[in-house]
Amino acid sequence: MRYFAGIDVGSLSADAVIINEDRVMIAYAILPTGNNSRRAGTDAFDAAVARAGIDPSQVAAVVSTGYSRDRVLQAGESKTEIACHAKGAYFLFPDVGTVIDIGGQDSKAIRVGPRGRVVNFAMNDKCAAGTGRFLEVMATALQVPLGEMDQLAARSTEELTISSICTVFAESEVVSLISRGKTPADIAQAVCRAIARRTGGLVTRVGVADRVLMTGGVAKNRAVVALLSEQIGHPIQVPEEPQIVGALGAALFAIEARAA
Amino acid sequence: MTELKATEKMKEILTNYYIEAKTTTQKPIAWITSGAPVEFLISSGVIPIYPENYAAMCAANHQSVALMEAAEAEGFSQDICAYARTDFGADLTQGGPVGGLPAPHFLLCSTNICKTVIKWYEVVARKYKVPLFVVDTPFLHDGLTRELIDYTVRQFKDLERFLGEFLGRPFDRDHFLEVLSLARDATDYWKKTLYLAKARPAPINSLDSFIHLGPIVTLRGTRECADYYKLLYEEINLRGKQGIGSIPEERYRVLWDNLPVWFKMRRLEKFFEKRKCALVVNTYANSWGGISDFLDPGITDPYDLLAASYLNVYINFGFEERIKYLAKLIDEFSLTGFIMHSNRSCKPYSVGMYRLQEEVSQLTGKPGVVIEADQNDPRVYSDAQVETRLEAFIEAMEACL
Amino acid sequence: MFEPFHEMINNVSDTILKYEREQDRPVIGVLPAYFPMELIDAAGGYAVQLWGNNLPLAKADGYLQSYCCSVARSVLELELLGIAKMVKAYAFTSLCDTLINLREIYRRLFPKPTLELSIPITATLDARQTYLKSVIHKVFQDLEAITGQPIAPEALARAAKVRGRSRALQRRLYEIRRKNPGAIKNHDFYAAIKAAFFLPPPVYNEMIQSLVDQMEGSPPASAKGPRIVLSGMVFDPMEIHKGMDELGVNVVDDDFANGWRTVSKTDLRVGNVLEGVTEYLFNPAPCCCIYHPDLDRHPYLVAKAKETRASGVIFWYVKFCEPDAFDRPQLIRRLKEENVPATTIEVELSMTNMDAIKTRISAFCEILED
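Respectively, the protein sequence lines represent chains A, B and C. Note that the numbering used here gives residue 104 to position 104 of the first sequence, counting from 1, and the numbers run on in steps of one. Heads up: take any position in the second sequence, counting from 1, add 1000, and you land on the numbering used here. Heads up: take any position in the third sequence, counting from 1, add 2000, and you land on the numbering used here.
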């Protein structure tokens, strides 16, 4: 049995996925990137290999993706996150039409065509408002663990607006709302809505096509998913582990690379 | 805003204007820039529609964000003028307070307000497949010249030919001269009204002028417009004579330069009133006091005068002139300071502002402040940032009193 | 082969100083775009084109807002830092609001003379011609005041010939690239074009003549990457071209203001200066900054993509260039209707991290490869 790996090293996390030659996912690992992306890529790969219970030499090919894809030692080839998210999403849901990925420092909307090919894409990589980093900064301002932002938002009763495109401005809006006595729940909801708004525009540019899938770390925030779904007027599906879709796509490319 | 009886009349005029524009089956519609010579259209029975005016209304009504998002979803960059984005969005979604502007039969674009507006009109011309007539009014780096006036007059004459051909009837010059006379009456009264604010306390302030400039921009040349500004003038003049100020207490008197922040009018009004700061004069509303009102003893031909007035708008002339003009206003209106709005959407008005502020402060000895904002896009506006700067500015004025 | 060009563009100041001494001509900085250099040459000036640079922006922020384009800001930065101290005067055209106002800023800040060629955009022909005549007359006067040398017809004719030759040679380089993409690396190609901004024309002509002679008849190079047309105002930052070379992108043609839009201009006709300058300004390529009712970018760009058998178009957007940004959505839609995929990269001249740009280009190429 041969194995294939995909390594996705982004700004916030490094993820690795191991699949076998029958395209069954055997193991994955998600680690924080920290300040050494090369190390993070290696650590994620080693962790996934260990969990898979295999020897690294059994891995026939490795493809890397993500912001630091060209600095991943193990990879024989690299592919953009756009291609990998499309590929991974298509594998999980062959009827996917649009993929929305909100990562650590950019967000993308990808229109997927036949056989998981990328037909069109739009990215926001200039301003942080609407990315994972934005959510992190806001969670800190509200003094809430990042993973609990959506639960907090669910308790919202009043609709507030955070309109700034710039994270720094948005943070000062949050500070102002807090000082006006607005509840953390309402503010958290407003933050999630701001992300949904920013991303919604991106999605409209590439087109909303059934099925719509969301990947990336922010997809774990149910409030953002719900608000984004409302924004684009279409249900959004989130795979079980949205963060590894890019690495999965990379692993699938690895099989093709070897087959070529 | 100051409570004025005239406001009802203005609303009536503008409402009727939009209703006519949206329902007419007889009159042709032209979309035109705010600085274009509308008198040619009024005298030809064409209804002028101002996408800029509509965009401002959308922002004042807090509807601009959704409209801009629609334009951005079409691929229009956030780096382009927010008026254009608002209007493209309103056009795409048929949104805004009147549910989209009536489609144009042709477009009239003058570059005196900026050289970017031509791009906006190209987009519209392509979308609607209608003729675009350009009146190119180059920037006056060194004031008015005979060549610039001639250049503009030739284009006016060509506009008459275009209108004649388009409407299938010859352009009526006699009627046009009547319309010019009415435009002059209206702008005379508008200017006189604005200059009533020289009084202490000022019976009218800039926030009022931003509201009341609707008719002078859109319907200049009609009898209604001339009558309206006479009415407004009389009311404000009376208030002035009675010593009624536009705010309860006037401790500071300032100038506002650039367009208003349309989506923050109420909040800024309260901010200034609380701090006893009256915005008694602004360069934006003043601009429509110059159009059709331009007087130069050396120029007598009505077409030359018209050309000169359209060339000589504040944002079309060089910095030397702007500095002199601002200093003059600071003196005439007895100001304690001046505010310059660095407006992301308006480069001709904003580029160079840092230098202008410095020079005007030096020349007049009055404190000035530059605030970073936008005329139509709340998403690039920060209350905290702007108000902190304004607070510091007020402190600076206090120290000079 | 391309070393001399790279050497030159990496040592701009020294190069300018050297030729200023040798030729004893005053250096005149030319702001974008389409100011006919021939007029400066004929007046005895040494024209240096300023299309922006990659200086980190610091002083310029004191005068220009961050929402002004990095072309304007970086050119201003040069003067503020004293790097442009050899520049004796600046020549502008009325290209856009930012540059028009920049000239006013210069007039307040610097003692150096400035002049402007005001480009009329009316469709009323008699008005245009009459006005442009007076503009040209003023430009001649302004140049003469700077150089102390009136523009004589013979000097103008000579200048037109020499500059015309520069562009003709550049057009040959473009043709080599069209026929044989992959034969010239992108980074090399644009270095060869860029060197013309700073060199006296006779010096440049010798260099590029030699290059073109060597390159013509190159064996067909393997062009494995997709065939791309680039469109935008300026082809900087140069680093991006290195990135594209790494990705194996084959640029077959461009629609840059400082690239083909200028290079495609035929010799300035000097028999009738008014007609010659008119033709120069408005022909043959349309530009987002110059309105002309007969010049439509849509059929132009579609034809360019089809004739070069391009797989796609990359719009190279210098952030905050409004004329460029207004045109783009409808252009992209039209290209799509003609089955030409397009994407946009957003650049600022001072950017140092090209990773996001490379990702976008890479992703676009991945789409095209499918």
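Glycine residues also receive a C-beta, built at the ideal position from the N, C-alpha and C atoms.
Pair within 7 Å by beta-carbon distance, residue i and residue j
i, j, result
"A1278(B)", "R1253(B)", "yes"
"A2363(C)", "I82(A)", "yes"
"F93(A)", "L228(A)", "no"
"F2320(C)", "Y2067(C)", "yes"
"G76(A)", "V62(A)", "yes"
"F1210(B)", "R2108(C)", "no"
"V96(A)", "R211(A)", "yes"
"N2053(C)", "S2074(C)", "yes"
"Y2090(C)", "G2029(C)", "yes"
"L2268(C)", "A2196(C)", "no"
"S1309(B)", "G1289(B)", "no"
"L1305(B)", "F1317(B)", "no"
"A2192(C)", "F2005(C)", "yes"
"G1221(B)", "V1179(B)", "yes"
Best match in the options for proximity to residue i [C-alpha to C-alpha]
i, options, result
"Q1155(B)", "L1311(B), S1064(B), R1251(B) and G1221(B)", "L1311(B)"
"N124(A)", "R111(A), A139(A) and G103(A)", "G103(A)"
"F2110(C)", "N2053(C), I2193(C), L2080(C) and C2321(C)", "L2080(C)"
"R1344(B)", "S1043(B), Q1375(B), Y1354(B) and L1363(B)", "Q1375(B)"
"S163(A)", "W1288(B), L1207(B), P1215(B) and V1065(B)", "V1065(B)"
"A209(A)", "N36(A), D22(A), V112(A) and A170(A)", "V112(A)"
"Q2023(C)", "K2306(C), Y2046(C) and L2268(C)", "Y2046(C)"
"Q243(A)", "N221(A), G233(A) and Q151(A)", "N221(A)"
"Y1018(B)", "P1051(B), R1251(B) and C1081(B)", "P1051(B)"
"V245(A)", "H234(A), R2(A) and Y28(A)", "Y28(A)"
"T2114(C)", "T2122(C), L2076(C), L2230(C) and K2088(C)", "K2088(C)"
"G66(A)", "V168(A), S176(A), E241(A) and K79(A)", "K79(A)"
"T1187(B)", "E1391(B), S1287(B), L1401(B) and D1331(B)", "S1287(B)"
"T1024(B)", "N1061(B), C1225(B) and I1047(B)", "I1047(B)"
"L2247(C)", "Y2300(C), I2228(C) and L2349(C)", "I2228(C)"
"S2231(C)", "L2335(C), P2201(C) and Q2170(C)", "L2335(C)"
So does the region 2254-2274 of chain C actually touch the region 2017-2036 of chain C, counting three or more Cβ pairs closer than 8 Å? Yes, since at least three Cβ pairs between the region 2254-2274 of chain C and the region 2017-2036 of chain C fall closer than 8 Å, the two stretches touch.
Could you check whether the region 2103-2120 of chain C touches the region 2128-2147 of chain C, counting it as contact only if at least three pairs of C-beta atoms, one from each stretch, sit closer than 8 Å? yes
Spell out a yes or no on whether the region 2338-2348 of chain C and the region 2314-2323 of chain C are touching, meaning 3 or more CB-CB pairs, one atom from each, closer than 8 Å. yes
If you pair each beta-carbon of the region 191-199 of chain A with each one of the region 219-237 of chain A, do three or more pairs fall below 8 Å? yes
Assess contact between the region 1128-1147 of chain B and the region 1094-1108 of chain B, defined as three or more Cβ pairs (one per stretch) separated by less than 8 Å. Is contact present? yes
My parser needs the alpha helix (DSSP H) runs of 4 or more residues fully inside the region 2032-2074 of chain C; what are they? Unbroken alpha helix (DSSP H) stretches of 4 residues or longer found wholly inside the region 2032-2074 of chain C: 2037-2042, given in chain order.
The region 114-126 of chain A: positions lying closer than 8 Å to chain C by Cβ: R117, V118, V119, N120, F121, M123, D125 and K126
Do the region 1327-1341 of chain B and the region 1362-1378 of chain B touch if we need at least three Cβ pairs shorter than 8 Å? yes
Compile a chain-ordered list of the residues in the region 2050-2067 of chain C whose CB is closer than 8 Å to at least one CB of chain B. G2062, Y2063, L2064, Q2065 and Y2067
Going along the chain, which residues of the region 1157-1176 of chain B sit with their C-beta nearer than 7 Å to a C-beta in chain C? If the cut-off is 7 Å between Cβ atoms, the region 1157-1176 of chain B has D1158 near chain C.
Which residue spans inside the region 1154-1217 of chain B form an unbroken alpha helix (DSSP H) run of at least 4? 1173-1195 and 1206-1212
At 3 residues or longer, what runs of the beta strand (DSSP E) sit wholly inside the region 57-100 of chain A? 59-65
Extract the residue ranges of the alpha helix (DSSP H) inside the region 2149-2185 of chain C, only unbroken runs of 4 or more that lie entirely within it. Restricting attention to alpha helix (DSSP H) runs no shorter than 4 residues, the region 2149-2185 of chain C encloses them at 2153-2179, ordered along the chain.
Check distances from the C-beta atoms of the region 2093-2109 of chain C to those of chain B and list, in chain order, the residues that come in under 8 Å. Hits within the stretch, in order: S2094, C2096, D2097, T2098, I2100, N2101, L2102, R2103, E2104, I2105, R2107, R2108 and L2109.
Runs of alpha helix (DSSP H) wholly within the region 2092-2134 of chain C (minimum 4 residues, chain order): 2097-2109
Runs of beta strand (DSSP E) wholly within the region 1338-1395 of chain B (minimum 3 residues, chain order): 1368-1373
Which of the residues in the region 58-86 of chain A, read from start to end, lie with their CB under 8 Å from any CB of chain C? Y67, K79, T80, E81, I82 and A83
Within 8 Å of chain A by C-beta, residues of the region 1371-1384 of chain B in sequence order: P1378, R1379, V1380, Y1381, S1382, D1383 and A1384
Sufficient close CB pairs (3 or more, under 8 Å) joining the region 2001-2018 of chain C to the region 2240-2252 of chain C: No contact exists between the region 2001-2018 of chain C and the region 2240-2252 of chain C.
Identify each residue in the region 2293-2324 of chain C for which the Cβ-Cβ distance to at least one residue of chain B is less than 7 Å, and report them in chain order. K2319, F2320, E2322 and P2323
Note down, in chain order, all residues in the region 1052-1071 of chain B with a beta-carbon under 9 Å from any beta-carbon belonging to chain A. V1065, E1069 and A1070
Below 8 Å, can you find three or more Cβ-Cβ pairs linking the region 1005-1018 of chain B to the region 1031-1046 of chain B? no
I want to know whether the region 2193-2208 of chain C touches the region 2273-2283 of chain C - three or more CB-CB distances under 8 Å. Counting Cβ pairs under 8 Å, fewer than three are found: no touch.
Interfacial residues, the region 2210-2243 of chain C to chain B, with Cβ spacing under 9 Å: none
Contacting positions in the region 2114-2146 of chain C - beta carbon closer than 7 Å to chain B: E2116, S2118, P2120, I2121, T2122, A2123, T2124, D2126, A2127, T2130, Y2131 and S2134
Going along the chain, which residues of the region 146-169 of chain A sit with their C-beta nearer than 7 Å to a C-beta in chain B? S163, S164, I165 and F169
Chain A contacts from the region 2065-2084 of chain C (Cβ-Cβ distance under 8 Å): none
Against chain C: residues of the region 1071-1086 of chain B by CB proximity under 8 Å: E1074, G1075, F1076, S1077, D1079, I1080, C1081 and A1084
With a cut-off of 8 Å, do at least 3 Cβ pairs link the region 2287-2305 of chain C to the region 2162-2181 of chain C? no
Quick one: any contact between the region 1347-1365 of chain B and the region 1392-1399 of chain B, if contact means 3 or more CB pairs under 8 Å? Per the Cβ contact rule, the region 1347-1365 of chain B is not in contact with the region 1392-1399 of chain B (fewer than 3 Cβ pairs under 8 Å).
Complete runs of the beta strand (DSSP E) confined to the region 192-235 of chain A [at least 3 residues]: 212-215
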